[in-house]
Ligand SMILES: [Zn+2]
C-alpha cells in the first residue's frame with residue numbers, strides 16, 4: 007500500500023515516512039487534467055460546475071476533451087421571489103444551464119430531476135449514476151467535495167458521496183446487473199476531482215478563461231437578480247486570484263484529485 011520499499015521505511019521516522027508516502031502518492035496523480043479524454047461532471051444544481059470549474063471546462067473543451075454534465079436536482083428552490091413558482095423556476099434554470107453549456111462548449115446535459123433541497127443518498131440514484139458512467143465511460147468524474155467541513159446543503163453532500171460511490175462501483179460487474187442486459191459494460195473511472203474542497207492538490211490555470219466563465223455564470227440569471235451578479239463575480243474573481251497564487255498565475259481553479267482506489271480504506275487520501 008505504501009509504495010515505499012520496506013527497507014527504506016525502516017530507516018525513516020514516522021513524519022519522514024508519512025511525508026515520503028504522501029509525496030509518492032501525490033506524484034502518481036500526475037497531470038491528470040492534461041491526460042483525460044472524457045470527463046463527466048456530476049453536479050447538485052444547475053450552475054455548480056460553471057461557478058466552481060467553468061474555466062477548467064472551457065480549457066478542456068479547447069483541448070478536445072469531451073465534457074458532459076449530470077445535474078442531480080431540478081434547482082426549483084433557488085429563489086427568494088415568492089411569485090416565482092418552483093415548477094417554473096426549474097424550467098427557467100434548465101434553460102439557463104443549457105445556455106451556459108453552449109457558452110462553455112459542454113457536449114451533453116443529463117437531468118435526473120430530483121427535487122431541489124430534498125435530495126438524499128439513496129441506492130436508486132447511485133444506480134442511475136452507475137448506468138450513466140457505463141454509457142459515457144469517462145476517464146474522470148468531477149463533482150462537489152462532500153467532505154467539506156461544515157457543508158450543510160444536503161444536495162451537495164449527497165451528490166458528492168453518490169458520485170464517488172458510483173465512480174467506485176461502475177467497474178464491478180455484478181453491480182447493476184440490468185446494465186449488462188441493456189448492453190452496457192462495466193467501466194473503470196481513473197480519477198475523481200472534487201471542487202469546493204478544503205484540501206485541493208491540483209490547480210488549473212484559467213487566466214485565459216475568466217471572461218468565458220463569467221459569461222457562463224451570468225447565463226444563470228435567476229440566481230443573480232438585479233445588480234447581484236456583479237458582486238458575485240467579484241467574489242469569484244478574488245477566489246480564483248487567491249488560488250492562482252498557489253501556482254504563480256493570475257487566476258486558477260482548485261481541485262482535490264484522487265485515484266478511484268483512494269476512495270476506500272486509504273488512510274493517506276486526505277493528505278494526497
Ligand atoms: Zn449547488
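Numbering (the working numbering), first residue to last: 7 to 278. Ideal Cβ placement from N, Cα and C applies to all residues, glycine included.
Excluding five sequence positions before and after residue 203, the CB atoms of its chain that fall closer than 6 Å to its own CB belong to 151, 262, given in chain order. The straight-line gap separating the alpha-carbon atoms of residue 259 and residue 58 is approximately 7 Å.
Between residue 172 and residue 223 the beta-carbon gap is near 27 Å, outside 8 Å, which marks them as no contact.
Here residue 122 is not near residue 60, since their CB atoms are 7 Å or more apart. Residue 102: member of the alpha helix (DSSP H) spanning 92-110, first to last residue.
For residue 259, the beta-bridge partners assigned by DSSP are 210. With 16 or more other Cβ atoms from the protein chains shown falling within 10 Å of its own Cβ, residue 47 counts as buried.
Distance between residue 49 and residue 149, taken at the CA atoms: about 6 Å. A distance criterion of 6 Å places the beta-carbon of residue 92 beyond contact range of ligand 1, judged by its closest non-hydrogen atom. The closest CA to that of residue 195, considering only 264, 127, 163, is found on 264. Cβ atoms of residue 117 and residue 163 stay farther apart than 8 Å, at about 20 Å. Judged by their CB atoms, residue 28 and residue 209 are not nearer to each other than the 7 Å cut-off. Here residue 103 is buried, its C-beta having at least 16 other C-beta atoms within 10 Å.
Within the same chain, and ignoring the five residues on either side of residue 98 in sequence, the residues whose Cβ sits closer than 7 Å to its Cβ are 228.
According to the DSSP secondary-structure assignment, residue 128 is paired through a beta bridge with no residue.
By the C-beta density criterion, residue 95 is buried, having at least 16 other C-beta atoms within 10 angstroms. Residue 269: not part of any beta strand (DSSP E); DSSP gives it neither H nor E.
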